[in-house]
Every structure is written in C-alpha cells, then in structure tokens.
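*Asks:* Chains H and P, in that order, give the protein sequences.
Numbering of the first sequence is given in my numbering, commencing with residue 518 and proceeding in unit increments.
Numbering of the second sequence is given in my numbering, commencing with residue 519 and proceeding in unit increments.
Beta carbons: idealized from backbone N, C-alpha and C, even for Gly.
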Amino acid sequence: MTCSSEPILEVRNLHIDFTAEEGRLPVLCGLSYALPKGRVLAVVGESGSGKTVHALSVLRLLPPNAHVSGGEICYKGQNLALLSEGELRRIRGGKISMIFQDPAASLNPVLTIGQQLTETLLAHRKMSKEEARRQAARLLEKVGIAGAAKRLEEYPFQFSGGMCQRVMIAMALALSPDVLIADEPTTALDVTVQAQILRLIKQLQTESGMSAVFITHNLAVAAAVADEVLVLYAGRCMEQAPAEQLFKNPLHPYTQGLLNSLAPLHQKVEKLPVIAGHPPVPGQAQAGCPFAPRCPFASEKCRQSCPPLFEENGRKTRCWLREVHA
Amino acid sequence: MLNYIVRRLLLLPLVVLGVTFLLFFLTQRLSPEMRASLYVKDPRQMGALEEVIRQYGLRDNVFKQYGRWLANVAQGDLGYSPSANMPVAQAIKEYLPATIQLAFITILFVVFFGVWFGSASAVHKDKWQDVVARLVSVGGFSLPIFVLGLILLMIFYGKLGWFAPGGYSVQTDMIIHGGAFKTYTGFLLVDSLLNGNLRVFGDVLSHLVLPAVTLCIGSFALMVRVMRSSMLEELNKDYVRTARAKGLTQWQVVYKHAGKNAIIPVITLASIQFIRLLGGTVIVETIFDYPGIGRFGVIAAQQLDIAGILGFSLMVAVLFVLGNLLSDILYTAVDPRIRLE
C-alpha cells in the first residue's frame, strides 16, 4: 500500500542489542517501517522476536542493558534519539503515548486513579487541579467507567484487570496524542474482556484519527485492529503487507505457518498444524535466513545467505521465493 | 482499622505481664537478704535487715510477691529506687523525656539521610554516589557504637572542645530547678524555647549532638541499605515505566512514584529503631554520661535496684507495644491496600 501523506512515525533500520554475560546479543536487526497518519500497524511476532523492545525504544524506555546500536526513530521527521530529556518528556504521553501488557502492574498501587490521571494532564498542560480532575472524570467516562467522579478516589487494587486497562487507555489518550503504542494490551486479560478492550481502542482510535502501533503475538488481534501488518521473526521483518492481503494471501512461509496454526472457528480439526522447531536464540549467529531451519521450502541458498526484503505491489517479503516476482 | 488498634492494645497487658513476670522471677534468684540490703546502707544497722524483709514480705511465695507488685503498679506505684534516690515513677518522668528527645532527633537524622542516601544510591546504581553511600553504610555498620562514641569524645570534646559531655552545666540545672523555668512538655529542647531561654537550649543541644551522631551511625547504615534495595526493587516495576512514558520528570518518577512505595519498609524499620533507641541508648548514655533513662537502667542494674530494673523493663515493654502500634498506623497511612482492605 502506498501512502502519499508524510509518515507520522518512521523507524529506519533499527538495531537493538542486549548486553549480557556472553557479550552483545542482537535482538532487533534492521527494522524499518513508516506509520502514516490515522493508520494502525500491527507488529506480530513470537516472544523474543524483539517486538516489545522495539516498542520501548520509541520513547527511549529501554532497560539499561539494552542499547540502540543503529538506525533511527523519527517522529514527524524529528530523530527521537537526538532530543534532550526535556524535549523528549513533552513527546512522552503528550504526542506519543503507550499502554502496556499488565495493566494492574502498570498503575502505581499507592496513588489513586485520580492522582495518576491528573498528573498526566498537569505534566503537559497548564491547568488548575480542579480542571484536571474534571477532565480526568470525563476521560474515565469516555473509556466506559461508570461513576467516574467517585472512582477517581479509588486505588488500582479496587479495579479489575479490564478496568485497569481502561484507566491506562484513558491516561494514554488524555492529551490526544498523535501516536498510540499498545504493547500487548489485551494479553493479560480474560478473553471476553479482551474483545471489549480491543473494540474500545479501535473506536477511540477511529474517532480521534490518531495512528497506532499494536504489538501483539495474536494474529486475531492484528486482524481485528490493523490496517497494515508487520510480521517479526528473530528481530527481522519477515513480511509486511496490508492486513487484508496478508491474511488472505500470506507470502512468507513463516506467516503461512502462523496462519495455518490458528484454530478454524467453524471446522473440527484433529490436530492443529504447528511450525516445527524453535525460533533462534539471540546471539547464536547464523548465516542465511533465520527461518530457514524451520522452513519447509528452505533451499541451500536460504541456508547460505539471508534474503533482503523483496517489494512487490506494496508488500514486502523477506524470502528468496519472492525473488523472481520482485 | 479501629478494630485492629483495639486488638493491638489488648495485647499490651499480655506482653507487659510476660516481660515483668520473667524479670521478677529472675530477681528471686537473689536471696531476700541481698534484696533487702540495698535499703539498709549503714553496716551498723544490719539488724534492720530482717525488719525490711518482713516489712516488704521478701520471703513470701514468688507469686504472692509478684501479685503485690502488680497491685501497686496498677495504682501507679512502681516502688522506690534506691539507686536514683527517688520513686521509680518519678525517675522515669525525669529521665525518659531526655531519652525520647535524643531518640527522636537521632531517628529524624537517620530517616532523612538514610532515605536520601539510599535513594541516591539506587538511582545512581554502580556510579560514584552509590559507591560512596555503600562505603559509608558498610563503615557505619562495622563500627561499634562504643568505639565511635569514644573517638567522637576524643576529637570534639578532648581536642576541639566543641561539645560538652556529661550532665547539663550547673547554670542550666540551676535555671531548670530554679522555679522560674516552666515545664510544658518535659522535653528540655522544647521547654527552653517556650521559656525563651536560649542559654538552656544551647546547653541542651550541645549535650545532644555527640550522642545523637553516635547513635545515628549504625541505624543510618541499616536505613541506607533498606532504602537502597527497596528503591531498586520499585524502580524496576512496571508502574515506573508507565510514569516515565507519561512524560513525568525524573524527580516525579523517582520520589513521587517509586519513593512512595519504597518508603513502606523504611517506616517499619524506623519505628523499630526508634523503640530500640528508647530502651537501648544504654551504652551511649553511659559513654556520654547523658541524663537519660538508659543510664538510669544501667545504674539500677549495677546496684541490683530491683524496683528500678522492673520499672525500667515495664516501661520498655509498654513502649515496644505502643511503638509497634504506631508503626502499623503509619504503615496504613502510606499503603492504601492495607488501609482499605
């Protein structure tokens, strides 16, 4: 898919390493994408594929043992790595905000919901505490929490997981940011609550016209929210395509494997197909395509050298099989 | 919550009974003559010994004696302390405020600097701030109080003459007991200010500094360690990442978010230390000859002043229970999960 408008968030050739006892372990090797305004990109991958690390690196929230070793992340053309702490603070929460995987742990247990919501507003806007409180109550109502004024006085432990995630969403959207980064926002929730939360995020995203990056390991989640899907494997983009096309016609054998291993809703199956083997461990350097050891179509060439991303019809695929088409 | 406080208070008599009975039982290892001899100072009056024994029923069954002591305590009579030359209750009233004053100032410093150094140490983990805080902490931990006390005495009293050891100066004593000096709280530091007498204030303060510093060091070392590890743990939690992602300043993230959680174990430690200081300033009060309750306890023990020893331990037991209660109340003030559940 080609988009004429300038991307609001652009990641260019991002490399991230972890420092460990064994030395530097690459967890992200040259990730690139451009997120246009108002669009939702889903980054799909297994655990260890580098998807969460990439999300944290956008707002420079990486743990101390992780480093961006190459590439850049630009917000409206500004390289976020070059900003001062003060400049970055204005972007954090104000322009780009995040929601996290475990909503109950992501809220401070000893501060009230009201305190946590208003401090976000007060950190970015000049307003009185009263005003911030009223705004916070409105935000809670917007994310579907009844009796908002009273609930502002309550603490996170008095909220269920789904309610906590609603609070996190209210907090993330408090300042109408341009970009929302949601890192597995529904993983820790019950299945029924998951659907509600997804619908809520999608609805608020459409209303406000903001862009979003959705990090998930769940293809169904990606299908529900995304315009564009990026499949991550061992720190590399394997396939990137508009959501509809990717689900209808996956080009990469890894994506095909992932889709095959989903349980079909209206058919009975004896045994779900799985992708044999395990993803590579970071740091165990190997030549060739990282998926080659598990790929049913792997040839000698695949084991020798890693394919580049081949582009065709607005889709990108990292597979030698696509070489002829590109 | 109220329920909880009441339950704690009901525990108080049990603890007090347990502690005092144990001590009372131990004092019975001394023969009645030995116990009576303290009241008979003149060797020529040894004949009066038997009379004292009879008068106080020192040969009675231990339970009967203990019951009698309890009945007196219930009426506010803790007995007469020969070592202090006054009733035990009066001795406690006289000496305890000085010790509370000392313990309070000590714990104030310990908490303030402990929290400061501890969080700085955690925030700048493995940087020079951390190294300094850890060195100070290990040093303070390994330095015995009596050694440090003597070193401080040698330097600041012996060489520099900045601070005074021993009891208050004669002038201070004269002013305090002179009649014009009004007692409001029993704490001389406060009372001297209320009386507008800066001379007494200065004298009392100069007697406080060295013992307070000596007491600080060990507690401070422990406090730094607890605060550091507690802060490190909190800084790694998810809500800290959320706070950063919201665009809060480093100060808000560390002190408002992580700090409010990290302080919880510090509160427990501080209250335990405070109580420990109230009953355990014995060594420091002895070294500096500070007119506090610890020194009273030591002298009572040295002279086998049984009423004094029992009164002292009764006081420590009561303070211990009350202090724990206070710590629990403070705890709930900080942690809503305990307050509301």
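#1: Against chain H, which members of the segment 748–768 of chain P pass a CB distance test of less than 8 Å?
#2: If we define contact as Cβ-Cβ less than 7 Å, is Val575 of chain H a contact residue for chain P?
#3: Which of the three DSSP states, helix, strand or coil, is assigned to Ser614 of chain H?
#4: Residues of chain H with CB under 8 Å from His695 of chain P, in chain order?
#5: Quickly, what does DSSP pair Glu756 of chain H with across the bridge? List them, please.
#6: Does Asn625 of chain H have its Cβ less than 7 Å from a Cβ in chain A?
#7: Work out the CA separation of Arg762 of chain P and Asp756 of chain P for me, nearest whole Å.
#8: Could one say the Cβ of Arg811 of chain H lies closer than 7 Å to chain P's Cβ atoms, at least one of them?
#9: Let's test the definition: count the other Cβ atoms within 10 Å of the Cβ of His795 of chain H and tell me whether it reaches 16, buried, or not, exposed.
#10: Under a CB-based cut-off of 7 Å, is Asn842 of chain P close to chain H?
#11: Mind checking Pro809 of chain P: buried by the 16 CB within 10 Å criterion, or exposed?
#12: Counting only beta-carbon separations shorter than 7 Å, does Gly611 of chain H have a partner in chain P?
#13: In the segment 765–840 of chain H, which residue ranges form an unbroken alpha helix (DSSP H) of at least 4 residues, counting only runs that do not cross its ends?
#14: Looking at chain H, is there any beta carbon in it that lies within less than 7 Å of the beta carbon of Lys778 of chain P?
#15: By DSSP's criteria, Cys591 of chain H is part of a beta bridge. Which residues make up the other side?
#16: Between which two residues does the alpha helix (DSSP H) holding Val533 of chain P run?
#17: Can a CB atom of chain P be found closer than 7 Å to the CB of Met615 of chain H?
#18: Leaving out five residues on either side along the sequence, give the residues of the same chain with a beta carbon under 7 Å from the beta carbon of Asn713 of chain P.
#19: From Ala818 of chain P to Ser601 of chain P, what does the alpha carbon distance come to, in whole angstroms?
#20: Identify whether Thr637 of chain H lies in helix, strand or coil by the three-state DSSP scheme.
#21: Can you list, in chain order, the residues of its chain with a C-beta nearer than 6 Å to that of Cys520 of chain H? Leave out the 5 residues immediately preceding and following it.
#22: At 4 residues or longer, what runs of the alpha helix (DSSP H) sit wholly inside the segment 569–607 of chain P?
#23: What are the boundary residues of the beta strand (DSSP E) that Asp700 of chain H is part of?
#24: Using a cut-off of 8 Å between C-beta atoms, extract the partners of Glu828 of chain H located in chain P.
#25: Using a Cβ cut-off of 9 Å, pull out every chain P residue sitting near Ala640 of chain H, in sequence order please.
#26: Going by DSSP, which residues form a beta bridge with Leu558 of chain H?
#27: If contact means a Cβ-Cβ distance below 9 Å, which residues of the segment 543–576 of chain H contact chain P?
#28: Beta-carbon of Arg606 of chain H versus every beta-carbon of chain P: anything under 7 Å?
#29: Nearest by alpha-carbon distance to Val570 of chain H: which of H:Gly774, H:Ile698, H:Thr834, H:Asn777 is it?
#30: Do you know how far the Cα of Gln583 of chain P is from the Cα of Leu535 of chain P?
#31: Should Gly797 of chain P and Val839 of chain P be called a contact, given that it needs their Cβ atoms to be closer than 7 Å?
#32: Please confirm whether any heavy atom of the ligand GDP lies closer than 6 Å to the CB of Gly805 of chain H.
#33: Which value, in whole angstroms, describes the spacing of the CA atoms of Leu542 of chain H and Val852 of chain P?
#34: Ile847 of chain P CB to nearest chain H CB: under 7 Å?
#35: What residues in the segment 664–677 of chain H bring their beta carbon closer than 9 Å to a beta carbon of chain P?
#36: Short of 6 Å in beta carbon distance, which residues of its chain neighbour Asp534 of chain H, apart from the five on each side in sequence? Order them along the chain.
*Replies:* Quick answer:
#1: Lys755, Asp756, Tyr757, Arg759, Thr760, Ala761, Arg762, Ala763, Lys764, Gly765, Leu766, Thr767, Gln768
#2: For Val575 of chain H, no CB of chain P lies under 7 Å from its own CB, so it is not counted at the interface with that chain.
#3: strand
#4: Per Cβ cutoff of 8 Å: no residues; His695 of chain P is ~49 Å from chain H at best.
#5: Per DSSP, the beta bridge partners of Glu756 of chain H are H:Val748, H:Thr834.
#6: In the displayed structure, chain A is absent; the protein chains listed are H and P.
#7: 10 Å
#8: no
#9: exposed
#10: no
#11: buried
#12: yes
#13: 770–777, 817–821
#14: yes
#15: Cys591 of chain H pairs with H:Glu527, H:Asn596.
#16: Element bounds for Val533 of chain P: 520–545.
#17: yes
#18: Phe699, Lys700
#19: 6 Å
#20: helix
#21: Reliability of the predicted coordinates at Cys520 of chain H is poor, the pLDDT of 42 falling under 50, and the value obtained from them is presented with this limitation in mind. Closer than 6 Å at the Cβ level, and outside the excluded window around Cys520 of chain H, lie Pro553.
#22: 580–592
#23: 696–700
#24: None at all; the shortest Cβ gap to chain P is about 33 Å.
#25: Neighbours of Ala640 of chain H on chain P, chain order: Lys764, Gly765, Leu766, Thr767, Gln770.
#26: In the DSSP assignment, the residues bridged to Leu558 of chain H are H:Val730, H:Glu745.
#27: Cβ proximity to chain P below 9 Å picks out Leu573, Leu576 from the segment 543–576 of chain H.
#28: Look at Arg606 of chain H: its C-beta is under 7 Å from a C-beta on chain P.
#29: H:Ile698
#30: 14 Å
#31: no
#32: What this structure holds is no ligand at all, so the ligand GDP is not there to describe.
#33: 41 Å
#34: no
#35: Glu671, Tyr672, Pro673, Phe674, Gln675
#36: Cβ neighbours of Asp534 of chain H beyond the five flanking positions: Arg541, Pro543, His584, Ser586.
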